[in-house]
Amino acid sequence: VIIKRNSSLDKEEFIKGNEVILSAGTVGSAQLLLLSGIGPREELEQHGIPVIVDLSGVGKNLQDHLMTVIIYQTHIPTV
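Residue numbers for the sequence shown follow the numbering used here, beginning at 434 and rising by one.
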């Protein structure tokens, strides 16, 4: 397994066992599964991707956990 971090040209290589666990966030993980042939048969066949597992829920009803942090610093002691 070779990992490329961000846009850096640096690469790290790890060799361990026979299994690899991939995670690419909310949207990216679904895309990895679909491109690997895991997903709705009709959609995969439409794009010419060989079906490994017909799994209808892949890539559907995605929700990301958005969070906004607002920090305000003041020098007024009465606030």
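C-beta atoms are modelled at their ideal positions from N, C-alpha and C, and glycine is treated no differently.
Could you pull the DSSP bridge partners for residue i from this structure?
i    : result
I471 : V486
Quick test of your reading: residue i and residue j, contact by CB under 8 Å. State the CB separation rounded to the nearest angstrom.
i    : j    : result
L495 : I471 : In fact, because the Cβ distance is near 15 Å, the residues do not count as touching under 8 Å.
Which residue's Cα is closest to the Cα of residue i: the options?
i    : options                : result
V484 : Y505, Q506, S462, L468 : L468
G490 : N451, Y505, P510, P473 : P473
D497 : I504, V453, G458, G450 : G458
Taking a contact to mean a Cβ-Cβ separation below 8 Å, would you say residue i touches residue j in this structure?
i    : j    : result
G492 : A463 : yes
L455 : L465 : yes
Any beta carbon from chain B within less than 8 Å of residue i's own beta carbon?
i    : result
G490 : The structure shown contains no chain B; it is built from a single protein chain.
Who are the Cβ neighbours of residue i in its own chain at under 7 Å, not counting the five residues just before and after it?
i    : result
V460 : L495
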